[in-house]
Amino acid sequence: MSAAQGKGNGSVAVRTAELCRHFRMGESLIPAVDRVSLEIRSAEFVALLGASGSGKSTLLNLIAGLDRPTSGSVVVQGKDLARLDREELAKYRLRTVGMVFQSFQLIPSMTLVENVELPLRFAEVDRARRRHLCQTALERVHLGARSNHRPSELSGGEQQRAALARALINQPQLLLADEPTGNLDSQTGAEIMNLLLECNQSLGMTVIMVTHERSLAERYTERLMVLSDGRLVDDVTVASSTRSSAPGGTP
Ligand SMILES: Nc1ncnc2c1ncn2[C@@H]1O[C@H](COP(=O)(O)OP(=O)(O)OP(=O)(O)O)[C@@H](O)[C@H]1O
Ligand SMILES: [Mg+2]
191 MSAAQGKGNG
201 SVAVRTAELC
211 RHFRMGESLI
221 PAVDRVSLEI
231 RSAEFVALLG
241 ASGSGKSTLL
251 NLIAGLDRPT
261 SGSVVVQGKD
271 LARLDREELA
281 KYRLRTVGMV
291 FQSFQLIPSM
301 TLVENVELPL
311 RFAEVDRARR
321 RHLCQTALER
331 VHLGARSNHR
341 PSELSGGEQQ
351 RAALARALIN
361 QPQLLLADEP
371 TGNLDSQTGA
381 EIMNLLLECN
391 QSLGMTVIMV
401 THERSLAERY
411 TERLMVLSDG
421 RLVDDVTVAS
431 STRSSAPGGT
441 P
């Protein structure tokens, strides 16, 4: 099976065409993302690899609708992000995309449940339903008993699990993770990877994960895309025999 065929129900989740994001720094122009054309199918689990500065975060941010291309296009589930107005783009970020970062980005003054429910408040979900959904999400990441703790009272792995619960709370179809295990030891990182795998295999989410660790990507994801100086230089399928399956999930 070629990477382009992928798996899933056959529909295209993300398509970029000649995507560029160039930053001007004084006299010089930095081609952070340079003519990237790719296609990711629904329910694929893709790793984005590349050296520091190769454009991984910039590409992820363009797909997340957090940044606008210099040229080229990003189409997610048939929607060309450039054609969305401010309100539609905000809705896209709130409902279609879930994001997890290396540095967790939880709000320190809020408890876990308050952090996790934030996207639901923006989505104007009523309080009782918010609390119910938050509790379910925290239980999914095995933090049900810690919902009234603040982030500083938790370990790094627990904070990242809470950040994942927040990313999942609106049931996004697309989960974007920028080095989600970068600040964690290998065992705690494996817990996060297993949760991402569960999101992909049990919930059918399309997952795009940035990582520096090729071995981690080969163990958990099914496709490796490699960036170098903003260009997509490699796109390979990982043999299924070398991959993990979600604990308790259906492979
Ligand atoms: N806002 C910005 N202004 C100017 N240059 C930027 C900006 N954001 C990114 N860059 C540059 O674009 C290039 C790609 O950056 P990016 O953050 O996407 O790399 P990365 O692959 O995520 O790196 P890392 O692995 O270190 O996180 C780098 O040269 C970076 O300095
Ligand atoms: Mg980065």
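Under our numbering, read the sequence shown as residues 191 to 441, first letter to last.
Even for Gly, the Cβ is constructed at its ideal location relative to N, Cα and C.
These figures come from a predicted structure and were not determined experimentally.
Handout entry: Exposure of Q361, with buried meaning 16 or more beta-carbon neighbours within 10 Å
Key = Classified as exposed, Q361 has fewer than 16 neighbouring CB atoms from the shown chains inside 10 Å of its CB.
Practice task
Look at the alpha carbon of T427 and the alpha carbon of D419, and state the distance between them as a whole number of angstroms.
Solution key: Looking at the two C-alpha atoms, the distance is approximately 22 Å.
Exercise for the section: Just the C-alpha distance for R421 and V236, rounded to the nearest angstrom, thanks. Expected result: The straight-line gap from Cα to Cα measures roughly 17 Å.
Problem - Proximity to R231 [Cα-Cα], best of S263, G200, P341 and V400 - result: That would be G200, whose Cα lies nearest to the Cα of R231.
Problem - Length of the line joining the Cα atoms of T286 and R214 - result: Rounded to the nearest whole angstrom, the C-alpha separation of T286 and R214 is 30 Å.
Problem - Spatial distance of A436 from L385 (CA atoms) - result: About 8 Å.
Handout entry: A357 versus L271 - alpha carbon distance
Key = As the crow flies, the alpha-carbon of A357 is around 20 Å from that of L271.
Exercise for the section: Return the chain-ordered ranges of every beta strand (DSSP E) run that is complete within the stretch 251–292 and spans a minimum of 3 residues. Expected result: Qualifying beta strand (DSSP E) stretches, in chain order: 261–266 and 287–291.
Practice task
Quick one: using the 10 Å Cβ neighbour count with 16 as the cut-off for buried, is R504 buried or exposed?
Solution key: A question about residue 504 goes unanswered here, because the residues of the chain that appear run from 191 up to 441.
Problem - Distance between E329 and Y410 (C-alpha atoms, nearest Å) - result: The straight-line gap from Cα to Cα measures roughly 23 Å.
Exercise for the section: Determine contact between the stretch 282–299 and the stretch 314–333, defined as no fewer than three beta-carbon pairs at a distance below 8 Å. Expected result: Judged by Cβ distances under 8 Å, the stretch 282–299 makes no contact with the stretch 314–333, as fewer than three pairs qualify.
Handout entry: Near ligand 1: S247 beta-carbon under 6 Å from a heavy atom
Key = If you check the C-beta of S247 against ligand 1, you find a heavy atom less than 6 Å away.
Exercise for the section: For S244, count neighbouring C-beta atoms within 10 Å of its own C-beta (all shown protein chains included) and say buried if the count is 16 or more, exposed if not. Expected result: With 16 or more other Cβ atoms within 10 Å, it is buried.
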